[in-house]
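One line per chain: the protein sequences are E and B, in this order. Using this note's numbering, you'd call the opening residue of the first sequence number 9 and step up by one each time. Using this note's numbering, you'd call the opening residue of the second sequence number 9 and step up by one each time. In this text, a Cβ means the ideal position worked out from N, Cα and C, and glycines have one as well. Just below is one structure, and these are the notes that go with it.
Number of protein chains: 2
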Amino acid sequence: MENIEALEKIAKRLRIHSLVMTTKAGSGHPSTCLSMAEILTCLFFHEMQFNPRDPQDWANDELVLSKGHAAPILWAAYAEAGIIPLSHLPTLRLFTSSLEGHPTPRMKWIKAATGSLGQGLSVAAGLAAAMKLGRSPARVYAVLGDGECAEGSGWEAAHSAWHLKLANLCAVVDINRLGQSEPTMHEHDIDAYARKFRAFGWEAFPVDGHSLPDILAALDAARQTSGPAVLLARTIKGKGVSFIENKNGWHGKPLKDQELQAALEELGPMPEVDAKALVRRPPSVPRPAPAKRFRFKRTDYRDKTATRLAYGQSLVSLGKVNESVVAIDGDVKNSTYADKFFETFPDRSYQSYIAEQNMVGLAIGFSAKGFVPFLATFSAFLSRGHDQVRMAAYSAANLKIAGSHCGVSIGEDGPSQMGLEDLAMFRSIPGCVVLYPSDAFATEGCVEAMAAHRGLAYIRTTRPATPLLYSKGENFPLGGSKVLRSSRSDMAVVVAAGITVFEALKAYEVLKAKKIPIRVVDAYSIEPLDADGLLKHSRACRGRVVVVEDHFPHGGLGEAAAAALAGSARVEHLCIRELPRSGKPEELLDAYGINARAIVQAVKKLTGKGR
Amino acid sequence: MENIEALEKIAKRLRIHSLVMTTKAGSGHPSTCLSMAEILTCLFFHEMQFNPRDPQDWANDELVLSKGHAAPILWAAYAEAGIIPLSHLPTLRLFTSSLEGHPTPRMKWIKAATGSLGQGLSVAAGLAAAMKLGRSPARVYAVLGDGECAEGSGWEAAHSAWHLKLANLCAVVDINRLGQSEPTMHEHDIDAYARKFRAFGWEAFPVDGHSLPDILAALDAARQTSGPAVLLARTIKGKGVSFIENKNGWHGKPLKDQELQAALEELGPMPEVDAKALVRRPPSVPRPAPAKRFRFKRTDYRDKTATRLAYGQSLVSLGKVNESVVAIDGDVKNSTYADKFFETFPDRSYQSYIAEQNMVGLAIGFSAKGFVPFLATFSAFLSRGHDQVRMAAYSAANLKIAGSHCGVSIGEDGPSQMGLEDLAMFRSIPGCVVLYPSDAFATEGCVEAMAAHRGLAYIRTTRPATPLLYSKGENFPLGGSKVLRSSRSDMAVVVAAGITVFEALKAYEVLKAKKIPIRVVDAYSIEPLDADGLLKHSRACRGRVVVVEDHFPHGGLGEAAAAALAGSARVEHLCIRELPRSGKPEELLDAYGINARAIVQAVKKLTGKGR
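Rendered as structure tokens:
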């Protein structure tokens, strides 16, 4: 291999850049960069193929730096490859720079934000599956730290990549022995890692992570496997700088100026090499047409239908007009009704088994390649993927997430299965749309709206069948609400969503008989909330507002409404105020005070009418 | 083994109970129960030792049913053991019953709620570690489903149990081949499971899960291992009822009345056996003294100190007066400063490495045995353990959780490392206390208050050092707040917490110079919030409130205050309204509008004074 000498020079340049950049920035993780200089050199300047002029080129090999704290050496590699100017490197971590402390897509080549450890392998698996689906001949590389191999999410990804037979996926674990605060569990026991990956069905190649020929040979071998492959690279943290090499206490610490001088002396002068000339450009390949159509043929529901069932039906209808839509399941597709999509479009359906973190990670990968991934599980279990959803926001990912079995209305299965904090979780994610339809028609409208929206979106569906309220083809725009009952003399407005809309309508009838007219609003768009609409209704109803939701008190519709109305309305908030238990749905709605009876009482309290 | 015949009878009784209970309830998972009848029989009536009169007996072996949907057969086993009357079994899933759809501690023998899959092994490992620490000779058993082995959390627990050398821990995987919606990834490939567990350091014993002698022999062998052991039990879902045996589509479906009759005919009459006589009572052992003292010697801080550092210091001080306190780390102890406890009390310190789900699961186990576990990591990464924290609430667990590096004030590391949704997450957990101290003295007061509180509590700490505001020994009761500046002529009140308290104080000076007096309140107790105090201040300040927090808009202090003040105040809410990026802390506080400048502006807007 004639290039070895050039690659050695590049590795040294990457080391020098990493040290200089982090000292300049005054923070960062140089020792973590130094251990992977040879790994990144081999990937960027020998193994991977990419068009340095277009990060979206369908023929590009993809790289996910799961150990996101090694961002400086990644930026350095992009600079050496001619993708960004070398002069940008000193902007590391500046407010004005796209070269952030951990990778985000503000730098155009980054497909998914990393820095919360253990997530990169799922994203890489999602990219690889998306590239298979989109007939790209390219490959996906993921560089992992050894410390993050303690995260279970990585093993979910490992399962999944094996199951999906992702021969186009290659991971490299930079086993530098030292975690942040102490040595890792397995230190330099490479066999321990090999046993694990092999047990999870991967082909594993132990290598000396500072030997360029070793790494190149293993990457070569990894390209021949029938499933996913991993290089287990034994490396030295801080490699190349004697006084930090293999030493605890140097994680996340830039060198001081004097230390940097000593390090640079050790490393010698910056070698001259034309790294750009070593970048391998792939032959061009056609890319799939982008997702365009989101309006689908609506279903003619005739009878009460669970919104989760309507979700499944909508997904099939959407899938028929939009080939970019893919579905991901966590072995509950017969409960979320995603199974309808799986049956109709098996080639665009992915089983993640009971591994919600991986579901989200896969979806981030699909989204990054232009697909529109819909993933679904019980709303309660989406809390398992909270950190991945958080990172999806920083990844600017276009995920569509469905959470079924929300609230106490699921009944007898009990609290562990009830999504009662999901609105709080998804509302806390910046930019995430949150929809909560009450009937089947509303569900179709919401699915259409969330599909057409570019960005994160969550839809909350209900287990029991609910009556039909709306009509076929009705639209449910983001940020809207629906007024179901109103008159000029309304004495209060009841703001409900999902299952409680029907309770509000029952309360309306009871109160009407008592000559207490109320307005009933279906706030199906929890985020963005129709704040102007609510303000208008509140004013029209003498500033008396009842909010009723099948959710815990904090972070849901009640607080959203309170924030929107602050200063202008008295708000009675009905919600689940204790730890719920098993029981019949109607029993639970009553016991926790979110049914018609409770609404009637709240209205009476606000209006001072009756007891 | 002379008891085999009796055990066979018990297994049959458990099957009959499970079928009858679920048909009576009209919901539940009978097929899932049937596959584990022999497993549970062997555990309850041969292997385990427990005092049936006292679920808290320190000599009791513990059982965690990780596959919580098999609750009916667990209740049946408790009934056969004489712990609950047989007559209670038909109350399964009733609102009035402690025999819920999935196990919760409403049934006194349940140490941790299960039903969100993949969590039981961490809890079991926590129990086992706690029992080692408390010198109990007893053992811990965890029964897992095969489907849940796809959850990464289980592999985090597997790592951890091996690392902690938990020879008192024995798992049994009920490999019944069928998941909820389709066959599992590995179906009946027992070797695949064996390879995985062995790769994670466990001793694995494949057994025929319907052969009592096989299971007993393996349990015997498992008792001799030097680390954790697992039985890999090949079983048939629906075993004993021919028309559902090994058939897809029977997950979570009770038999209809006619089907039940057919099943009972197949199984034959209920066998007579004195199961209670087979319960093995352990010799009594002394239990550790319960946690009592929470008041600790306060530190005499002299200079600006990061609240995370004060957290670490407080933990040491608390540990000195309270031997029940244990600490759990996710390899960031040198950042959260939990390392101070690790150095002082190595025997009560547990390294979970980078595995946040397992941290929480371990802590639930420790709590169930009377310890007071403090776990700490970056607040951002606690989102990784959201589902476990959710289940901790249903487990009535006494967890103390510290999240460091909150908000944009961490600076250059960038968004992936910033906890900006943690207040929303912890506020959404019912009953969870949420504290956010601004200085080192407040941190000590908060740690003392959260330690003394029985239940879930979260403390949010800041990366940069902050000036001292309070004094040594000052108390910070739950539900309180501190008024830092006030006068009779205050024109607005600024409600801040943590880092923004200092910005509010700077704004006070600026506004004072402009003759706009404001009140400054430190809302260190985010939940419970001092709602009465805020109302009082709002009224005193003409209903003008500015809330300023280093958090995303939804679910944090702003919405908490808005909900508390609804109808009575105009609220200006300053918070992080876009996806943040790397930069200097002060640069970020300014860019996202949560610094003194922004507060001054907000007060001017509310008061109509100046631009």
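Positions of the beta strand (DSSP E) runs, each at least 3 residues long and wholly inside the segment 293–380 of chain B, are given as 333–337 and 357–359 in order along the chain. Within the DSSP secondary-structure output, Gly-575 (chain E) pairs in no beta bridge. Around Leu-22 (chain E), the same chain offers Cys-41, Ala-45, Leu-48, Thr-49, Ile-81, Ala-84, Ala-85 and Glu-88 as residues with beta carbons nearer than 8 Å, after the five sequence neighbours per side are excluded. For Asp-530 (chain B), the enclosing beta strand (DSSP E) begins and ends at 527–530. Looking at B:Ser-124, B:Gly-126, B:Leu-107 and B:Leu-125, the one whose alpha-carbon comes closest to that of Trp-117 (chain B) is B:Leu-107. Three or more beta-carbon pairs separated by less than 8 Å are not found between the segment 371–380 of chain E and the segment 414–431 of chain E, which leaves the two stretches without contact. In this chain, Ala-388 (chain B) is not harboured by any alpha helix (DSSP H), its DSSP state being neither H nor E. Taking 9 Å as the Cβ-Cβ cut-off, the segment 90–104 of chain B approaches chain E at Leu-100, Arg-101, Leu-102, Phe-103 and Thr-104, given in chain order. Within chain B, no residue has its beta carbon less than 8 Å from that of Ile-244 (chain E); the closest one is some 19 Å off. In summary, Val-579 (chain B) is buried, with 16 or more beta-carbon neighbours lying within 10 Å of its beta-carbon over all protein chains present.
DSSP places Cys-454 (chain E) in the uninterrupted alpha helix (DSSP H) bounded by 448–460. Residue environment analysis places Ile-12 (chain B) among the exposed positions, since fewer than 16 neighbouring C-beta atoms fall within 10 angstroms of its C-beta. Relative to the Cα of Ile-418 (chain B), the nearest Cα in the group B:Leu-152, B:Gly-142 and B:Thr-315 belongs to B:Thr-315. By the criterion of at least three beta-carbon pairs nearer than 8 Å, the segment 448–458 of chain B is not in contact with the segment 568–588 of chain E. Collapsing the DSSP output to three states places Thr-104 (chain E) in coil. Contact of Ser-124 (chain B) with chain E is assigned, a C-beta pair being separated by under 8 Å. Separation of Asp-311 (chain E) and Gly-481 (chain E) (C-alpha to C-alpha, rounded to the nearest whole angstrom) is 16 Å. Pairwise C-beta distances place the segment 87–106 of chain E out of contact with the segment 180–187 of chain E, as fewer than three of them are shorter than 8 Å. Proximity of Asn-342 (chain E) to chain B, defined by a Cβ-Cβ separation below 8 Å, is satisfied. In the three-state scheme derived from DSSP, where H, G and I count as helix and E and B as strand, Ala-521 (chain B) is classed as helix. Closest in C-alpha terms to Cys-440 (chain E), from the list E:Leu-597, E:Ser-35 and E:Asn-406, comes E:Asn-406.
Residue state for Arg-231 (chain E) is assigned as coil, using DSSP reduced to three classes. A Cβ-Cβ separation of about 40 Å leaves Gly-155 (chain B) out of contact with Asp-65 (chain E) under the 8 Å criterion.
Secondary structure of Leu-82 (chain E) (DSSP, three-state): helix. In this chain, Asp-216 (chain B) is not harboured by any alpha helix (DSSP H); it is covered by the beta strand (DSSP E) spanning 211–216.
Each residue's CA atom was taken as its position, placing His-110 (chain E) and Gly-246 (chain E) some 19 Å apart. Interface criterion not met: the Cβ of Pro-354 (chain E) is under 8 Å from no Cβ in chain B. In the three-state reduction of the DSSP assignment, His-559 (chain E) falls in the coil class. Using a C-beta cut-off of 8 Å, the segment 242–258 of chain B makes no contact with the segment 200–213 of chain B, since fewer than three inter-stretch Cβ pairs fall below that distance.
When the Cα atoms are used, Leu-51 (chain E) and Asn-59 (chain E) turn out to be separated by approximately 14 Å. In the structure shown, Ser-43 (chain E) falls within a coil segment according to DSSP collapsed to helix, strand and coil. Taking 8 Å as the cut-off, the beta carbon of Leu-268 (chain E) is found no closer than this to the beta carbon of Val-416 (chain E). Within the model, the alpha-carbon separation for Val-442 (chain E) versus Phe-434 (chain E) is close to 7 Å. Proximity of chain B to Gln-188 (chain E) at the Cβ level (cut-off 9 Å) is accounted for by Asp-339, Val-340, Lys-341, Asn-342, Ser-343 and Ile-362, in chain order.
For Thr-474 (chain B), DSSP records a beta bridge to B:Thr-313. Contact between Phe-213 (chain E) and Ala-200 (chain E) fails: their C-beta atoms lie close to 15 Å from each other, not under 8 Å.
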